[in-house]
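For reference, the structure discussed in these notes is given below.
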Amino acid sequence: MSTVASLVAALEQIAPRSLALPGDPGGLQVGNPAAPLTRALVALDCTLALVRQAADEGAEALVVHHPPIYRPLSTLAGEEHPLPALRAAVERGIAVVAAHTNWDAADGGVNDTLAARLSLQDVTPFGQDALARSYKLVTFLPAGSADALLDALADAGCGQIGLYRRCAFLSPGSGTFEPQPGAQPTIGEVG
0 MSTVASLVAA
10 LEQIAPRSLA
20 LPGDPGGLQV
30 GNPAAPLTRA
40 LVALDCTLAL
50 VRQAADEGAE
60 ALVVHHPPIY
70 RPLSTLAGEE
80 HPLPALRAAV
90 ERGIAVVAAH
100 TNWDAADGGV
110 NDTLAARLSL
120 QDVTPFGQDA
130 LARSYKLVTF
140 LPAGSADALL
150 DALADAGCGQ
160 IGLYRRCAFL
170 SPGSGTFEPQ
180 PGAQPTIGEV
190 G
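Take the sequence shown: its letter number 186 is residue 185 in numbering that gives the first Met the number 0, and every next letter is one higher.
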């Protein structure tokens, strides 16, 4: 059975939160991750009319581009946007999931779609996206110590690909070394 959490996970695969600008909220904003899901509506904004439409059509979730909760809320009371829509979503048990700047920057996302529709050529990212890089770390370890290093790297934010953590390629090998004076080898002797 699909759940709201499975919808969030699917969106994470398409438009990882790591692509979002700093401080840009997204993901599940209203609802229970464990709630069953059979139908979702997709829209630009979470409005009261959209929540009512979702309820009328039997949808358990809304996927919106603009996060309705952009800054922390102190109350759901009031009539200014988006409060009526959020109250209605809570009352009707409709989850609200947002994918904003991560959807803009995702491969095939808003930016790519706009560039294609405008027939732009030689399109390259700029700003923060242009600075995003992946690095490969190569290291040699004594047998049996890889798990400790993977844990430390994962805790530091390395080795994350989509919803997978501790991503690594490990291969056994043979090597040589000659410890120099002052070295403290795990195996072998100096000199």
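Every residue, glycine too, gets a C-beta built ideally from N, C-alpha and C.
All figures in this text were calculated on a predicted structure; none of them were measured in a lab.
Inset, instruction - Go ahead and label residue 31 buried or exposed: buried means 16 or more other beta carbons lie within 10 angstroms of its beta carbon, across all protein chains shown. - result: Looking at its Cβ environment, which holds fewer than 16 other Cβ atoms inside 10 Å, residue 31 is exposed.
Legend entry - Burial state of residue 93, where buried means 16 or more other Cβ atoms lie within 10 Å: Counting Cβ neighbours within 10 Å, residue 93 comes out buried, since at least 16 surround it.
Inset, instruction - Use the C-beta contact count for residue 25: other C-beta atoms within 10 angstroms, 16 or more gives buried, fewer gives exposed. - result: With 16 or more Cβ atoms within 10 Å of its Cβ, residue 25 is classed as buried.
Inset, instruction - Note the first and the last residue of the continuous alpha helix (DSSP H) segment covering residue 105. - result: Segment: none, residue 105 is in no alpha helix (DSSP H) and carries neither H nor E.
Inset, instruction - Give a yes or no on contact between the stretch 43 to 51 and the stretch 10 to 17, applying the rule of three or more CB pairs nearer than 8 Å. - result: Because the criterion of three Cβ pairs below 8 Å is not met, the stretch 43 to 51 and the stretch 10 to 17 do not touch.
Inset, instruction - Starting from the N-terminal side, write out each stretch of the alpha helix (DSSP H) that is 4 residues or longer and does not extend beyond the stretch 131 to 162. - result: Look at the stretch 131 to 162 and you find these whole runs of alpha helix (DSSP H), each 4 residues long or longer: 145 to 154.
Inset, instruction - Could you name the residues that DSSP lists as bridge partners for residue 40? - result: DSSP lists 61 as partners of residue 40.
Inset, instruction - Mind checking which residues open and close the alpha helix (DSSP H) that includes residue 7? - result: Where residue 7 is concerned, the enclosing alpha helix (DSSP H) stretches over 3 to 13.
Legend entry - Enclosing alpha helix (DSSP H) for residue 89 [first to last residue]: Bounds of the alpha helix (DSSP H) holding residue 89 are 82 to 91.
Legend entry - Inter-residue CB distance, residue 61 and residue 42 (contact presumed, cutoff 8 Å): With a Cβ gap of about 7 Å, residue 61 and residue 42 count as contacting.
Legend entry - For residue 72 and residue 91, the rounded distance between their alpha carbons: If you draw a straight line from the Cα of residue 91 to the Cα of residue 72, it comes to about 20 Å.
Inset, instruction - Would you please state the rounded distance, in angstroms, between the beta carbons of residue 158 and residue 164? I believe it to be under 8 Å. - result: By a beta-carbon distance limit of 8 Å, residue 158 contacts residue 164. Their separation comes to about 7 Å.
Inset, instruction - Go through its chain and collect everything with a Cβ distance to residue 29's Cβ below 7 Å, but skip five positions before and after it. - result: When the five nearest sequence neighbours on each side are left out, the beta carbons in the same chain lying within less than 7 Å of the beta carbon of residue 29 are those of 85, 88, 89, 94, 95, in order along the chain.
Inset, instruction - Verify whether the separation of the beta carbon atoms of residue 36 and residue 59 is less than 8 Å. - result: Cβ atoms of residue 36 and residue 59: closer than 8 Å.
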